[in-house]
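Numbering (the numbering used here), first residue to last: 20 to 277.
Note that CB positions come from ideal geometry on N, CA and C, so glycine has one too.
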């Protein structure tokens with residue numbers, strides 16, 4: 020690789036780490052760099068991307084936990100169910116194409132965008148409520164989310180946030196803390212499996228991970244200590260989903276050469 024590619028990998032990882040900590044979909048940056056700049060095949064890019072997800076998750080989970088934003092007692096059921104789904108998704112990612120799921124993703128994001136804008140106070144509450152989803156709801160919801168996260172990873176944080184905020188009545192910062200831990204938990208296994216299958220390019224993956232670690236550390240520190248962090252997290256979430264919709268439906272290509 021050339022020097023500018025190193026800089027792009029570290030810088031892209033930093034931005035992705037910031038975005039993933041407070042919203043989601045930062046993997047689109049990393050996957051684009053890995054495939055379009057470095058030239059990795061899609062399945063190797065998918066595996067290499069797990070390194071930056073893992074590094075961001077470890078540092079983010081630690082800081083959120085240290086600052087009292089990570090509640091395991093309420094979230095342990097969601098963690099376990101998502102992990103089971105992720106195991107199935109990880110296996111699927113090593114043997115079949117994910118293009119069909121990418122097509123479904125764009126329409127799911129539109130639904131999520133509508134949910135963001137309708138009754139935004141649900142997303143802006145300052146404290147989490149003491150409420151747990153019934154098992155008959157949480158089981159299919161988090162099993163599906165886990166499968167998607169293990170299979171593709173890209174954008175899974177958005178769906179975890181929606182399930183936690185709208186379903187289990189978390190506030191946005193506490194939901195982000197649990198979201199990061201959930202993705203980190205199954206990404207440990209995902210990384211091991213992709214490594215075993217020979218689907219990780221370590222040089223590119225570690226450069227992304229270095230940038231992501233710094234981005235995740237700065238953003239999680241800010242999010243867990245700043246009084247109005249939930250408001251900024253909501254704004255970033257709206258901005259990211261707006262960008263995703265414009266990108267997925269190729270609206271941006273009318274103005275830029277994407």
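Taking the C-alpha atoms as reference points, what is the distance between residue 152 and residue 207? Along the chain shown, read from residue 1 onward, the residue named residue 152 stands at position 133. Along the chain shown, read from residue 1 onward, the residue named residue 207 stands at position 188. A straight line joining the alpha-carbon of residue 152 with that of residue 207 spans about 26 Å.
Since residue 192 and residue 231 should fall inside the 8 Å C-beta cutoff, what is the C-beta to C-beta distance between them, to a whole number of angstroms? Residue mapping note: residue 192 aligns to position 173 of the chain shown, counting from 1. Residue mapping note: residue 231 aligns to position 212 of the chain shown, counting from 1. So it is not a contact: roughly 20 Å between Cβ atoms.
Across the segment 249–260 and the segment 50–57, are there enough close Cβ pairs to call them in contact, namely three or more that are closer than 8 Å? With fewer than three CB-CB distances shorter than 8 Å, the segment 249–260 does not count as touching the segment 50–57.
Pick out whichever of 131, 109 and 245 has its Cα sitting closest to the Cα of residue 167. Residue 167 sits at position 148 when you count from the first residue of the chain shown. Out of 131, 109 and 245, the CA that lies nearest to the CA of residue 167 is found in 109.
Roughly how far, in whole angstroms, is the beta-carbon of residue 209 from the beta-carbon of residue 134, given that I think they are within contact range, below 8 Å? Reading the chain shown from its first residue, position 190 is the one you call residue 209. Reading the chain shown from its first residue, position 115 is the one you call residue 134. In fact, because the Cβ distance is near 27 Å, the residues do not count as touching under 8 Å.
Looking only at its own chain, which residues have a Cβ that is under 6 Å from the Cβ of residue 20, when we skip the five neighbours before and after it? Residue 20 sits at position 1 when you count from the first residue of the chain shown. Cβ-Cβ distances below 6 Å link residue 20 to nothing in the same chain once the five nearest sequence neighbours on each side are left out.
Residue 44 and residue 169 closer than 8 Å at C-beta: The sequence position of residue 44 within the chain shown is 25, counting from 1. The sequence position of residue 169 within the chain shown is 150, counting from 1. Inclusion of residue 44 and residue 169 in the CB contact set at 8 Å is not warranted, their separation being larger than that value.
How many angstroms separate the CA atom of residue 187 from the CA atom of residue 23? Here residue 187 is taken as the residue at index 168 of the chain shown, counted from 1. Here residue 23 is taken as the residue at index 4 of the chain shown, counted from 1. So the two alpha carbons sit approximately 44 Å from each other.
Put residue 88 into one of helix, strand or coil per three-state DSSP. Counting from 1 along the chain shown, the entry for residue 88 is found at position 69. In the structure shown, residue 88 sits in coil (DSSP, three-state: anything other than H, G, I, E or B).
Within the same chain, show all residues whose beta-carbon is closer than 6 Å to that of residue 75, passing over the 5 residues directly before and after it, in chain order. As a position in the chain shown, residue 75 is number 56, starting the count at 1. So the qualifying residues of the chain are 36, 39, 231 and 235.
Only counting runs of 4 or more residues, tell me where the alpha helix (DSSP H) segments fall wholly within the segment 122–152, in order along the chain. Correct list: 140–143.
Which residue from 259, 215, 267 and 264 puts its Cα closest to that of residue 66? As a working note, residue 66 is residue 47 in the chain shown. Answer by Cα proximity: 215.
In or out: residue 64 buried (at least 16 other Cβ within 10 Å) or exposed? Locating residue 64 in the chain shown gives position 45, where the first residue counts as 1. Its Cβ being crowded by 16 or more others within 10 Å, residue 64 is buried.
By DSSP, does residue 257 sit in helix, in strand, or in coil? Residue mapping note: residue 257 aligns to position 238 of the chain shown, counting from 1. Taken through DSSP and simplified to helix, strand or coil, residue 257 comes out as helix.
4-residue-minimum alpha helix (DSSP H) runs that sit fully inside the segment 163–233, ordered along the chain: As for any alpha helix (DSSP H) of minimum length 4 sitting wholly inside the segment 163–233, the runs are 175–181 and 191–215, ordered along the chain.
Please confirm whether residue 113 and residue 165 have their CB atoms less than 8 Å apart. Residue numbering aside, residue 113 sits at position 94 when the chain shown is read from its first letter. Residue numbering aside, residue 165 sits at position 146 when the chain shown is read from its first letter. No; because the gap between Cβ atoms is not below 8 Å, this pair is not in contact.
Identify the continuous alpha helix (DSSP H) that holds residue 29 and give its terminal residues. Reading the chain shown from its first residue, position 10 is the one you call residue 29. From DSSP, the alpha helix (DSSP H) with residue 29 extends over 22–41.
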